[in-house]
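Q:
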Amino acid sequence: MRHSFVASLIALACMILPAQGQERAENAGGAVLRMLDRVSGDVSDVSLAVSQSQTMGPLTVALDECRYPVDNPMGDAYAHLTVTDGRTDALVFSGWMLASSPALNPLDHARYDVWVLRCDISTGSAQ
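Read the sequence shown against my numbering and you will find it ends at 110, with the numbers running on by one and no gaps.
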């Protein structure tokens, strides 16, 4: 639990204190996530719009927000995800995931893995 809190603080600091001279865009139209079922080996890339969700087994992954550097839309995307277990309605994960550092704040689940690949800026608007 403490590791998750520390990782969340680091991710928050990365968002609040962007590199000098680097502008950030908010509210990308969505994100591309990679989902892995570790038992079956099934891998799928899923495009989600903000406020949209995708079910994988008993887990529901919801995209709350995706941000990216304005000068490099394909690099360093980070997304806020909420993952719940439909069997128990328990919150499994809620926080920021960074595409360039997926191990910084990973989903901790025995069977499933989810990580951010990039923001989908084709439908989003930079602010």
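All residues carry an ideal CB built from backbone N, CA and C; glycine is no exception.
#1: Assuming contact is defined by CB atoms lying nearer than 7 Å, are Val33 and Leu64 in contact in what I supplied?
#2: State the Cα-Cα distance for the pair Cys49 and Ala93, rounded to the nearest angstrom.
#3: Taking the alpha-carbon positions, what's the Ala109 to Leu90 distance?
#4: Please state if the CB of Ser30 and the CB of Gly15 are separated by a distance shorter than 7 Å.
#5: For the candidate residues Tyr61, Leu46, Thr67 and Pro52, whose alpha-carbon lies nearest to that of Tyr95?
#6: For Pro36, collect the residues of the same chain with a Cβ closer than 7 Å to its Cβ; drop the 5 residues on either side in sequence, then sort them by chain order.
#7: Can you find the residues in the same chain that come closer than 7 Å, C-beta to C-beta, to Met57, ignoring five residues on each side of it along the sequence?
#8: Between Pro52 and Gly69, is the Cβ-Cβ spacing less than 7 Å?
#9: May I ask you to list the residues that DSSP assigns as paired with Leu64?
#10: If you draw a straight line from the C-alpha of Ser84 to the C-alpha of Gly24, how long is it?
#11: Taking the C-alpha atoms as reference points, what is the distance between Gly111 and Ile104?
#12: Counting along the chain, where does the beta strand (DSSP E) carrying Ala111 start and finish?
A: Judging by the given coordinates:
#1: Residue numbering aside, residue 33 sits at position 50 when the sequence shown is read from its first letter. Residue numbering aside, residue 64 sits at position 81 when the sequence shown is read from its first letter. No; because the gap between Cβ atoms is not below 7 Å, this pair is not in contact.
#2: Reading the sequence shown from its first residue, position 66 is the one you call residue 49. Reading the sequence shown from its first residue, position 110 is the one you call residue 93. Roughly 25 Å between the two C-alpha positions.
#3: Counted from its first residue, the sequence shown places residue 109 at position 126. Counted from its first residue, the sequence shown places residue 90 at position 107. Any answer about Ala109 is weak, because its pLDDT of 41 lies below 50 and its placement is not dependable; what the coordinates show is given next. Roughly 27 Å separates the two Cα atoms.
#4: Position 32 of the sequence shown, counting from 1, holds the residue named residue 15. Position 47 of the sequence shown, counting from 1, holds the residue named residue 30. Checking the sequence shown, residue 15 turns out to be Val, not Gly. Going by C-beta atoms, Val15 is nearer than 7 Å to Ser30.
#5: Reading the sequence shown from its first residue, position 112 is the one you call residue 95. Ranking the options by Cα distance to Tyr95, first place goes to Thr67.
#6: In the sequence shown, residue 36 corresponds to position 53, counting from 1. Residue identity differs from the one stated: residue 36 is Ser in this sequence, not Pro. Same-chain partners within the cutoff: Thr43, Val44 and Ala45.
#7: In the sequence shown, counting from the first residue as 1, residue 57 sits at position 74. If we look at Met57 and ignore the five residues flanking it on each side, its Cβ neighbours are Arg101.
#8: Taking the first residue of the sequence shown as position 1, residue 52 is located at position 69. Taking the first residue of the sequence shown as position 1, residue 69 is located at position 86. Taking 7 Å as the Cβ cut-off, Pro52 and Gly69 do not qualify as a contacting pair.
#9: Here residue 64 refers to the residue found at position 81 when the sequence shown is read from its first residue. Per DSSP, Leu46 and Gly78.
#10: One-based indexing of the sequence shown puts residue 84 at position 101. One-based indexing of the sequence shown puts residue 24 at position 41. Answer to the nearest angstrom: the Cα atoms are 22 Å apart.
#11: This structure cannot speak to residue 111, because the chain is shown only from -16 to 110.
#12: In this structure the chain extends from -16 to 110, so residue 111 is not present and cannot be described.
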